[in-house]
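Undergrad: I'd like to ask you about the structure that follows.
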Amino acid sequence: MFTVTGIGGFFFRAKDPQALAAWYEKHLGISDISRTVWKQQAGPTILAPFSQDTEYFGRPEQQWLINLRVDDLDAAMSDLKAAGIAVETREEWDSEVGRFCRIHDPEGNPIELWQPSDAAGLA
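For the sequence shown, our numbering gives the first residue as 179, with consecutive numbering after it.
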């Protein structure tokens with residue numbers, strides 16, 4: 179039997195794919211696939227279906243929420259705020275597995291940023 183070894187890609191529809199790719203590269207450092215492939219650091223990945231009626235994703239019609247690992251959540255939030263991007267945090271999002279914040283890309287897609295906890299052995 180085979181084993182899945184990681185996420186090979188995350189593909190989604192966009193009204194303006196080029197502009198959205200440029201936003202992800204500028205603000206999150208994710209390389210535009212038209213120029214190069216983004217190489218990630220090894221680390222934990224969670225694949226978890228949520229209940230159809232979850233409010234965690236935001237809009238009821240939102241079918242996905244991408245969670246991106248960061249090495250310094252405070253620096254990420256500071257940089258994003260300085261760029262005029264709204265950053266949301268909630269105390270109940272943080273747990274023993276780490277700290278979280280939420281932003282949205284220009285097309286309204288939610289992006290969760292996660293700094294894994296050293297104590298949880300996930301960092």
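Note that beta-carbon positions come from the ideal geometry of N, C-alpha and C, so glycine has one too.
#1: Report, in whole angstroms, the separation of the C-beta atoms of Glu270 and Lys193, which I expect to be a contact under 8 Å.
#2: Going by alpha carbons, who is nearest to Glu239 out of Asn287, Thr267, Glu266 and Thr214?
#3: Decide if the region 245 to 259 is in contact with the region 290 to 297; the criterion is three or more beta carbon pairs, one per stretch, under 8 Å apart.
#4: Pick helix, strand or coil for Glu203, following the three-state DSSP scheme.
#5: Which residues in the same chain as Ala261 place their Cβ atom closer than 7 Å to its Cβ, once the five residues preceding and following it in sequence are excluded?
#6: Using 10 angstroms around the beta-carbon of Ile281, count the other beta-carbons present and answer buried if the total reaches 16, otherwise exposed.
#7: Check the DSSP bridge columns for Tyr291 and list the partner residues they point to.
#8: Count the other CB atoms within 10 Å of the CB of Met179; is the residue buried (16 or more) or exposed (fewer)?
TA: On the basis of the data shown:
#1: Wrong, their Cβ atoms sit about 32 Å apart, outside the cutoff.
#2: Of Asn287, Thr267, Glu266 and Thr214, the residue nearest in Cα terms is Asn287.
#3: Touching, per the Cβ criterion.
#4: In the three-state reduction of the DSSP assignment, Glu203 falls in the helix class.
#5: Answer for Ala261: His205, listed in chain order.
#6: Result: buried.
#7: According to the sequence provided, residue 291 is Leu. The question's Tyr does not apply to it. Paired residue(s): Leu246 and Cys279.
#8: Exposed: under 16 other Cβ atoms inside 10 Å.
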